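Below is one structure; the comments refer to it alone.
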Amino acid sequence: MKRHFLSINAACLLLALLAAAAVFAQSNIPQMINYQGYLTDAEGKAVATDTYTLSFSIYATADGTTPVWGPKVMPEVPVVDGNFNVILGPTDGASDTEGKSIALAFTGAEAYLGIKVEKTSDEGEGTVVGGDIMPRQQILSTPYAMRSEHSAFEVPIGAIIPWIPPDAIKPAQDQVPRGFKICLGAQTNDISTPFDEASIPDLTDRFLKGVKEADLRKTGGRTDIPSDGAHRHTGWTAYAEESGSRKENGNDGMHTHRHRHEISSDGAHSHGGDNLPPYYGIIMIIRVF
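All residue numbers for the sequence shown refer to our numbering, where the first residue is 592 and numbers rise by one.
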């Protein structure tokens, strides 16, 4: 079986993207990407009108080798005079061949679209492979996505939210959503944020408590119940009738018996213990821009 190789380029005509996972999270926004492109050969001429197999992947960098989403393989895509139009994930939740949601591709600062083109030869001599189209196209936001930044449902700057990294293998620091930082107490040096040269709170092993404005950023509380250390309990007792009067002794007349009972600890000891309610560990992140 022969394999023929065809140099193919792609020009972006329209890239209707929702360029952030937060945008996808709103239920009234479609979980899809519409893409229109133009395929040319090495001489800049439109490829022949036919059906082609197109594979789409999204990468975190322009030259990355492992996609954060994809590949999404779409066989028999009609290409007319080089023009084609596809919708990624219109009926399957915008998932790739591994079942991952396309929203996961937009949790980082940047995203790049990779396209691979394949075509079966009309002579039945194998597969014409266009390969990966380079350079990859950087995915930018659209007016729809930018408008979402001013939505009533926007997470405001300074908001602190609980978060669990979606990838259990990659370091959490590499998965923090754009515009957020992990609350680890580090100082921010970024002129694009109102938190520039300010310290992010350290919320490791901390609960949040609603306070008045005058008490903002104050800390308190403790995780254990303190012990009083070595101590002594002393008291006095006297024997009496049930009526409360002194009990009479037939030989010695009316008298009382005093008994001293002293209770002392055997050295320092603790009455303390864990003061935490049942919990589930998460990471606290704060929006800084």
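Here a beta-carbon is modelled for each residue, glycine too, at the ideal position from N, C-alpha and C.
Given the structure is predicted, the values throughout are model-derived calculations rather than measurements.
CA-to-CA distance, residue j to residue i, given in whole angstroms
i    : j    : result
E745 : V638 : 44 Å
P726 : P747 : 36 Å
L704 : D632 : 19 Å
T682 : E634 : Confidence at T682 is low in this model, with a pLDDT of 46, below 50, so its placement is unreliable and the value that follows should be read with caution. The straight-line gap from Cα to Cα measures roughly 36 Å.
P792 : Y870 : 20 Å
D672 : D758 : 41 Å
Y650 : P662 : 10 Å
Q764 : P753 : 14 Å
G872 : F786 : 26 Å
G699 : S790 : 23 Å
K803 : I730 : 43 Å
I724 : A653 : 12 Å
V659 : K636 : 32 Å
I751 : V767 : 13 Å
T656 : P756 : 22 Å
I706 : P762 : 28 Å
G801 : F880 : 23 Å
K809 : I760 : 35 Å
G811 : A696 : 40 Å
P868 : Q728 : 50 Å
heavy atom of the ligand NAD below 7 Å from residue i C-beta
i    : result
A805 : By its list of ligands, the structure shown contains no ligand whatsoever, and the ligand NAD lies outside what it can speak to.
Collapsed DSSP secondary structure at residue i in the structure displayed
i    : result
G654 : The sequence as given places Asp at residue 654; Gly does not occur at that position. It is coil, neither helix nor strand.
D672 : coil
I752 : strand
F697 : helix
L679 : strand
V614 : Per-residue confidence for V614 stands at a pLDDT of 45, beneath the threshold of 50, marking its modelled position as unreliable; the derived number appears in the next sentence. Three-state DSSP puts V614 in a helix.
K800 : coil
Q766 : coil
D758 : coil
A777 : coil
A637 : strand
Rounded Cβ spacing between residue i and residue j (contact assumed at less than 8 Å)
i    : j    : result
I693 : I773 : Incorrect: roughly 25 Å between the Cβ atoms, too far for contact.
F771 : I877 : 7 Å
R813 : N780 : About 33 Å; that fails the 8 Å criterion.
Option in the options with minimal Cα separation from residue i
i    : options                : result
L679 : F771, Q627, A653       : Q627
K710 : T640, K803, V802, F880 : T640
N676 : W660, A653, L630, D806 : L630
K691 : S648, G655, D654       : S648
I874 : F880, L775, I706, E701 : L775
V708 : V670, E701, A777       : V670
A777 : T795, K761, P762, A805 : T795
A702 : R769, V879, T810       : R769
G749 : A696, P868, F697, L807 : L807
| Validate contact between the stretch 639 to 649 and the stretch 666 to 680 using beta carbons, cut 8 Å, 3 pairs | yes
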